[in-house]
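Written below as structure tokens is the structure these notes are about.
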Ligand SMILES: Nc1ncnc2c1ncn2[C@@H]1O[C@H](COP(=O)(O)OP(=O)(O)O)[C@@H](O)[C@H]1O
Ligand SMILES: [Mg+2]
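Residue numbers (the numbering used here): 398 to 673.
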């Protein structure tokens, strides 16, 4: 970002989650500190089991925080009542790994989108205006609204479904979107499209995106800032370039080492030579 007056939108100090008790205790998230700034795409990278989803659930207010504080827009977060939680969710929304798990598969796609308009206070808008808004949301994610009406979510592919989830976010316009491995259950072809749409939400709407992944390559491709998570702790954070080009933590170096084994074109051409 060129803007040097960065606005803090979500931060935390000593945020911890412990599951269970005694010798069955799991410290899933272990005293993490973070500062996420408005309009940035922040990646949290770590292996499976490192605590990423638990952190996202705490940020969203779906899981209680064992210890530590979370601040939203500079104020200590208060989600102590149902009303306050609803208000908080106006500012923060999430998309998950499995798009089909996220909502009732028996409600039709247009009613899913209509609900978002209503949640944003648009219940009394004229029908034509609502249709125009749904059309715009579908076109933002390259879905054809006319093909969506009267369909059920299970009639869509995983990639289309995840795009629909992004259309929902487009209508809800939260300040922050938490995206927990949104591309890991869909085909490779749709994967790049989803990432591009996250970038579009950042660039065209100014949304702050917190993108969870275990793939360092993906994180580098999309992020402004990268946090590296190992066994419930943040071992390092910095700009995407700092983390990829000058990693400090051993764990980060290890994650980076894992990338070329699959993608390195140089390795590939070298192998070709040796067989020629
Ligand atoms: N509801 C739960 N009860 C007990 N342990 C849990 C629960 N959810 C997650 N864990 C444990 O917390 C750790 C972190 O899990 P998770 O946040 O899902 O990691 P990630 O998303 O990085 O794969 C794991 O050891 C997992 O087994
Ligand atoms: Mg997870």
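By construction, the Cβ of each residue, glycine as well, lies at the ideal position given by its N, Cα and C atoms.
Could you give the residue range of the beta strand (DSSP E) that holds residue i?
i           : result
residue 471 : From DSSP, residue 471 is part of no beta strand (DSSP E); its letter is neither H nor E.
residue 411 : 405-416
residue 460 : Note, residue 460: premise wrong, no beta strand (DSSP E); not H, not E.
residue 434 : 423-434
residue 626 : 622-627
residue 577 : 573-577
residue 491 : 489-492
Since residue i and residue j should fall inside the 8 Å C-beta cutoff, what is the C-beta to C-beta distance between them, to a whole number of angstroms?
i           : j           : result
residue 488 : residue 469 : 7 Å
residue 404 : residue 435 : 4 Å
residue 458 : residue 485 : 6 Å
residue 594 : residue 499 : Residue 594 to residue 499, Cβ: 16 Å. No contact.
residue 492 : residue 574 : 7 Å
Going by Cα to Cα distance, which pick from the options is closest to residue i?
i           : options               : result
residue 451 : 585, 619 and 578      : 578
residue 651 : 638, 627, 637 and 635 : 627
residue 571 : 604, 616 and 512      : 604
residue 475 : 492, 490, 456 and 493 : 456
residue 610 : 602, 573 and 588      : 588
residue 585 : 562, 554, 563 and 608 : 554
residue 433 : 654, 649, 636 and 526 : 636
residue 744 : 617, 497 and 416      : Because the chain is modelled from 398 through 673, residue 744 falls outside the range shown and cannot be assessed.
residue 564 : 551, 537, 552 and 608 : 537
residue 629 : 406, 655, 516 and 426 : 426
Roughly how many whole angstroms lie between the Cα atoms of residue i and residue j?
i           : j           : result
residue 408 : residue 641 : 23 Å
residue 519 : residue 437 : 28 Å
residue 462 : residue 413 : 6 Å
residue 576 : residue 495 : 11 Å
residue 646 : residue 449 : 18 Å
residue 592 : residue 581 : 11 Å
residue 511 : residue 620 : 31 Å
residue 549 : residue 424 : 40 Å
residue 541 : residue 532 : 8 Å
residue 625 : residue 653 : 11 Å
residue 503 : residue 558 : 14 Å
residue 417 : residue 547 : 45 Å
residue 634 : residue 420 : 31 Å
residue 648 : residue 612 : 13 Å
residue 473 : residue 481 : 13 Å
residue 528 : residue 490 : 23 Å
residue 516 : residue 471 : 25 Å
residue 631 : residue 623 : 10 Å
Give me, in chain order, the residues of the same chain whose beta-carbon lies closer than 8 Å to that of residue i; leave out the 5 immediate sequence neighbours on both sides.
i           : result
residue 411 : 428, 429, 430, 464, 465 and 466
residue 479 : none
residue 711 : Outside the shown range of the chain (398 to 673) lies residue 711, about which nothing can therefore be said.
residue 602 : 567 and 570
residue 597 : 537
residue 497 : 550, 551, 555 and 558
residue 422 : 415 and 416
residue 655 : 613
residue 402 : none
residue 668 : In this prediction, residue 668 has a pLDDT of 44, which is less than 50 and means its spatial position is unreliable; what the coordinates show is noted afterwards. Excluding sequence neighbours, residue 668 sits near nothing in its chain.
Using C-beta distances below 7 Å, list every residue in its chain close to residue i, excluding the 5 sequence neighbours before and after it, in chain order.
i           : result
residue 545 : 506, 507 and 535
residue 483 : none
residue 530 : 514 and 568
If you drop the 5 nearest sequence neighbours on each side, which residues of the same chain put their C-beta closer than 6 Å to that of residue i?
i           : result
residue 460 : 454
residue 352 : Nothing can be reported for residue 352, as the shown portion of the chain is limited to 398 through 673.
How far does the alpha helix (DSSP H) with residue i in it reach, from first residue to last?
i           : result
residue 537 : 524-537
residue 561 : 555-569
residue 507 : 506-516
residue 642 : 637-642
residue 546 : Here residue 546 belongs to no alpha helix (DSSP H), and DSSP marks it neither H nor E.
residue 385 : Here the chain comprises residues numbered 398 to 673, so residue 385 is not present and cannot be evaluated.
residue 653 : 647-655
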